[in-house]
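Colleague: Protein chains in written order, with my numbering: chain A, 1 to 138; chain B, 1 to 187.
The beta carbon of each residue, even a glycine, is placed where N, CA and C say it ideally should be.
Quick caveat: nothing in here was measured; it's all calculated off a predicted structure.
Supplied in structure tokens, the structure appears directly below.
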Amino acid sequence: MRVTLVVILGLALSGAAYGQGGNDPEQVVRRVVNTGMIEGGWDQTVLAHLGDAGAVLATKVLADRKLTPKTIGGALIIVETSFAEPKLVEVTADREPRTSLLLLKYLEFSTSDAESRKNIADTRKYVQDRYATFLKAR
Amino acid sequence: MRTLARFRGPIPVKCVDRLRGPCSLTPAQGASPGTVQVPTSLFVLNVAVLSNGQGVSFGCSGLANYGIRVDIKYQVLDQNGNPILLANMPPPELGTFFNESGYDRNIGPTGFTNSTATTAADGTFHDAPLGGCANGAFSSLPDTQFITIIMPDGSAPAVRGQTFTLTGQSAGHGTLNNSVSDISATR
Numbered sequence: 001m002r003v004t005l006v007v008i009l010g011l012a013l014s015g016a017a018y019g020q021g022g023n024d025p026e027q028v029v030r031r032v033v034n035t036g037m038i039e040g041g042w043d044q045t046v047l048a049h050l051g052d053a054g055a056v057l058a059t060k061v062l063a064d065r066k067l068t069p070k071t072i073g074g075a076l077i078i079v080e081t082s083f084a085e086p087k088l089v090e091v092t093a094d095r096e097p098r099t100s101l102l103l104l105k106y107l108e109f110s111t112s113d114a115e116s117r118k119n120i121a122d123t124r125k126y127v128q129d130r131y132a133t134f135l136k137a138r
Numbered sequence: 001m002r003t004l005a006r007f008r009g010p011i012p013v014k015c016v017d018r019l020r021g022p023c024s025l026t027p028a029q030g031a032s033p034g035t036v037q038v039p040t041s042l043f044v045l046n047v048a049v050l051s052n053g054q055g056v057s058f059g060c061s062g063l064a065n066y067g068i069r070v071d072i073k074y075q076v077l078d079q080n081g082n083p084i085l086l087a088n089m090p091p092p093e094l095g096t097f098f099n100e101s102g103y104d105r106n107i108g109p110t111g112f113t114n115s116t117a118t119t120a121a122d123g124t125f126h127d128a129p130l131g132g133c134a135n136g137a138f139s140s141l142p143d144t145q146f147i148t149i150i151m152p153d154g155s156a157p158a159v160r161g162q163t164f165t166l167t168g169q170s171a172g173h174g175t176l177n178n179s180v181s182d183i184s185a186t187r
């Protein structure tokens with residue numbers, strides 16, 4: 001099951017195309033995952049426009065990392081912030097949390113830390129609620 | 001990389017009507033009708049600590065509950081300390097984040113409720129959300145910020161340079177102070 005998820009996430013990554021210069025989305029995602037900190041203005045602005053693409057980038061950043069409660073926490077910040085306001089997401093298809101839910105499932109399988117698992121469950125509910133609210137408002 | 005020197009220059013904004021125009025809210029020396037107002041500084045009108053929660057208009061969420069985010073409302077002032085009541089002036093900023101990466105961008109819009117791309121009709125704008133939230137404790141992080149105001153004629157004088165210091169030493173708490181000593185917030 002875990003191998004399947006990794007393969008699927010890898011395929012999802014192949015569709016991501018972002019610039020590498022300056023504070024591009026991948027750099028923001030990498031910074032947040034590495035530091036566990038999200039800066040108020042820029043990081044949030046960039047992430048809130050990503051939607052599901054935020055999870056794709058988080059997967060890319062996490063690919064060669066050991067999944068600790070700290071790094072999992074950073075990934076959850078990415079997913080949460082990326083779905084803070086789905087109507088801000090520029091790519092229509094990325095307003096639906098597909099890769100995000102897959103990533104959350106993978107993270108859940110990867111940790112036995114009780115707090116991390118609770119945060120994962122909370123983040124999943126938040127993302128699903130935000131998307132449902134967005135659909136109702138359309 | 002943009003430099004501050006590039007943005008220095010005279011800003012011809014005319015104070016049209018002292019009674020109800022840009023000069024009517026003069027807090028210090030009055031500007032005479034016909035005076036050319038040059039954006040020179042920013043006055044901090046209000047600093048609001050953003051409440052905890054998830055979403056673009058909130059402060060720190062439960063996932064990153066160390067630190068603080070605020071909404072700062074600025075008023076653009078001229079060379080005499082008078083408000084410049086002019087809309088559509090973008091306030092770009094450049095500097096380094098709390099996480100030490102560089103930035104060079106418009107202050108808004110960020111998605112936050114009060115955040116806009118340009119000043120409002122009264123010459124005010126919000127820098128929000130400002131600050132940072134982390135999933136663990138941190139002691140003291142600096143953020144250096146230089147703000148300019150882009151005028152209708154394209155000139156863009158520097159109006160404020162400051163260094164913020166952000167702390168988040170325990171869950172649910174944080175402080176933010178600046179080097180100008182007119183911004184201080186705690187949660």
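#1: How long is the line joining the alpha carbons of R124 (chain A) and D122 (chain B), rounded to whole angstroms?
#2: Could you tell me the boundaries of the beta strand (DSSP E) in which K66 (chain A) lies?
#3: If I follow the unbroken alpha helix (DSSP H) through K134 (chain A), where does it start and stop?
#4: Would you check if the region 33 to 50 of chain A and the region 87 to 98 of chain A touch, i.e. whether three or more CB-CB distances between them fall below 8 Å?
#5: So does the region 34 to 45 of chain B actually touch the region 60 to 75 of chain B, counting three or more Cβ pairs closer than 8 Å?
#6: From the DSSP output, in three-state form, read off L107 (chain A) for me.
#7: Taking DSSP as the reference, what is the three-state secondary structure of T35 (chain B)?
#8: Give me whichever residues DSSP pairs with P142 (chain B) in a beta bridge.
#9: I132 (chain A) touches chain B at which residues, Cβ-Cβ below 8 Å?
#10: Between which two residues does the alpha helix (DSSP H) carrying T124 (chain B) extend?
#11: Any chance the CB of L94 (chain B) is under 7 Å from a heavy atom of the ligand COA?
#12: Using a Cβ-Cβ distance under 8 Å, would V47 (chain B) count as near chain A?
#13: If the criterion is Cβ atoms closer than 8 Å, does the pair T111 (chain A) and I77 (chain A) meet it?
#14: Which residues, taken in chain order from the region 24 to 53 of chain A, show a beta carbon closer than 7 Å to some beta carbon of chain B?
#15: Report yes or no: do three or more beta-carbon pairs, one from the region 166 to 181 of chain B and one from the region 135 to 145 of chain B, lie closer than 8 Å?
#16: Report the neighbours of N65 (chain B) on chain A: residues whose CB is nearer than 8 Å to its CB, in chain order.
#17: Closer than 8 Å, CB to CB, is F98 (chain B) near chain A or not?
#18: Could you check whether P142 (chain B) and T165 (chain B) sit closer than 8 Å to each other, using their CB atoms as the reference points?
#19: Let me know if E115 (chain A) comes out buried or exposed under the rule of 16 or more other beta-carbons within 10 Å of its beta-carbon.
#20: Hey, does Y126 (chain A) have any beta-carbon neighbour from chain B nearer than 8 Å?
#21: Hey, is I77 (chain A)'s beta-carbon within less than 8 Å of any beta-carbon in chain B?
#22: Determine whether the Cβ of L104 (chain A) lies closer than 8 Å to any Cβ atom of chain B.
#23: Tell me which residues share the same chain as G132 (chain B) and place their Cβ nearer than 6 Å to its Cβ, disregarding the 5 neighbours each side in the sequence.
#24: Suppose you measure from the CA of V36 (chain B) to the CA of A121 (chain A); what does that come to, to the nearest Å?
#25: Please classify S51 (chain B) as buried or exposed, where buried requires at least 16 neighbouring CB atoms within 10 angstroms.
#26: By a C-beta neighbour count over all protein chains shown, 10 Å radius and 16 as the cutoff for buried, is F83 (chain A) buried or exposed?
#27: For the region 119 to 136 of chain B, which residues have a beta carbon sitting closer than 9 Å to at least one beta carbon of chain A?
#28: How about P92 (chain B) and N106 (chain B): do their beta carbons lie closer than 8 Å?
#29: Go ahead and label D52 (chain A) buried or exposed: buried means 16 or more other beta carbons lie within 10 angstroms of its beta carbon, across all protein chains shown.
#30: Do you know how far the Cα of I147 (chain B) is from the Cα of Y106 (chain A)?
#31: For L57 (chain A), count neighbouring C-beta atoms within 10 Å of its own C-beta (all shown protein chains included) and say buried if the count is 16 or more, exposed if not.
#32: Could you tell me which of A:G40, A:N34, A:L62, A:G36 sits nearest to L104 (chain A), measuring between CA atoms?
Modeller: Put simply:
#1: Walking along the first sequence from the start, residue 124 (chain A) turns up at place 124. Walking along the second sequence from the start, residue 122 (chain B) turns up at place 122. For R124 (chain A) and D122 (chain B), the distance between alpha carbons rounds to 42 Å.
#2: On the first sequence, residue 66 (chain A) is found 66 positions in, with the first residue counted as 1. Here K66 (chain A) belongs to no beta strand (DSSP E), and DSSP marks it neither H nor E.
#3: As a first step, residue 134 (chain A) must be located in the first sequence, where it is residue number 134. In the sequence as displayed, the identity of residue 134 (chain A) is Phe instead of Lys. Element bounds for F134 (chain A): 114 to 137.
#4: yes
#5: yes
#6: Residue 107 (chain A) sits at position 107 when you count from the first residue of the first sequence. Helix.
#7: The count along the second sequence starts at 1 and reaches residue 35 (chain B) at position 35. Here T35 (chain B) sits in coil by DSSP.
#8: Translated into the one-based positions of the second sequence, residue 142 (chain B) becomes position 142. Per DSSP, B:T165.
#9: Looking up residue 132 (chain A) in the first sequence gives position 132. Note on residue identity: the sequence assigns Ala, not Ile, to residue 132 (chain A). Near A132 (chain A) there are no residues of chain B at all, since even the closest Cβ is about 14 Å away, more than 8 Å.
#10: The sequence position of residue 124 (chain B) within the second sequence is 124, counting from 1. Note, T124 (chain B): premise wrong, no alpha helix (DSSP H); beta strand (DSSP E) at 124 to 134.
#11: For the ligand COA, the structure offers nothing, since it holds no ligand at all.
#12: Along the second sequence, read from residue 1 onward, the residue named residue 47 (chain B) stands at position 47. By this cut-off, V47 (chain B) is not an interface position.
#13: Here residue 111 (chain A) refers to the residue found at position 111 when the first sequence is read from its first residue. Here residue 77 (chain A) refers to the residue found at position 77 when the first sequence is read from its first residue. Against a cut-off of 8 Å, the Cβ pair of I77 (chain A) and T111 (chain A) comes out as no contact.
#14: R31, T35, G36, M37, I38, E39, G40, G41, W42, Q44, T45, A48
#15: yes
#16: As a working note, residue 65 (chain B) is residue 65 in the second sequence. Chain A residues near N65 (chain B): none, gap ~11 Å exceeds 8 Å.
#17: Indexing the second sequence from 1 puts residue 98 (chain B) at position 98. So, interface residue.
#18: In the second sequence, counting from the first residue as 1, residue 165 (chain B) sits at position 165. In the second sequence, counting from the first residue as 1, residue 142 (chain B) sits at position 142. Against a cut-off of 8 Å, the Cβ pair of P142 (chain B) and T165 (chain B) comes out as a contact.
#19: The count along the first sequence starts at 1 and reaches residue 115 (chain A) at position 115. E115 (chain A) comes out exposed.
#20: As a working note, residue 126 (chain A) is residue 126 in the first sequence. Yes, contact with chain B.
#21: The residue labelled residue 77 (chain A) in the question sits at position 77 within the first sequence. Closer than 8 Å to some Cβ of chain B, the Cβ of I77 (chain A) qualifies, so yes.
#22: Sequence index remark: in the first sequence, residue 104 (chain A) carries index 104 (1-based). Not closer than 8 Å to any Cβ of chain B, the Cβ of L104 (chain A) fails to qualify, so no.
#23: Counting from one through the second sequence, the residue named residue 132 (chain B) turns up at place 132. G67, F98, L166, listed in sequence order.
#24: On the second sequence, position 36 is the one that residue 36 (chain B) refers to. On the first sequence, position 121 is the one that residue 121 (chain A) refers to. Each residue's alpha carbon lies about 59 Å from the other.
#25: Stepping through the second sequence from its first residue, residue 51 (chain B) is reached at position 51. With fewer than 16 other Cβ atoms within 10 Å, it is exposed.
#26: Locating residue 83 (chain A) in the first sequence gives position 83, where the first residue counts as 1. F83 (chain A) should be labelled buried.
#27: D127, A128, P129, L130, G131, G132, C133, A134, N135, G136
#28: The residue you call residue 92 (chain B) lines up with position 92 of the second sequence. The residue you call residue 106 (chain B) lines up with position 106 of the second sequence. Yes.
#29: If you number the first sequence from 1, residue 52 (chain A) lands on position 52. Under this definition D52 (chain A) is a buried residue.
#30: Taking the first sequence and counting its residues from 1, the one referred to as residue 106 (chain A) is at position 106. Taking the second sequence and counting its residues from 1, the one referred to as residue 147 (chain B) is at position 147. When rounded, the distance between both Cα atoms is 43 Å.
#31: As a first step, residue 57 (chain A) is located in the first sequence; it is residue number 57 there, counting from the start. When all chains shown are included, L57 (chain A) counts as buried.
#32: Working through the first sequence from its first residue, we reach residue 104 (chain A) at position 104. Among A:G40, A:N34, A:L62, A:G36, the Cα nearest to that of L104 (chain A) is on A:L62.
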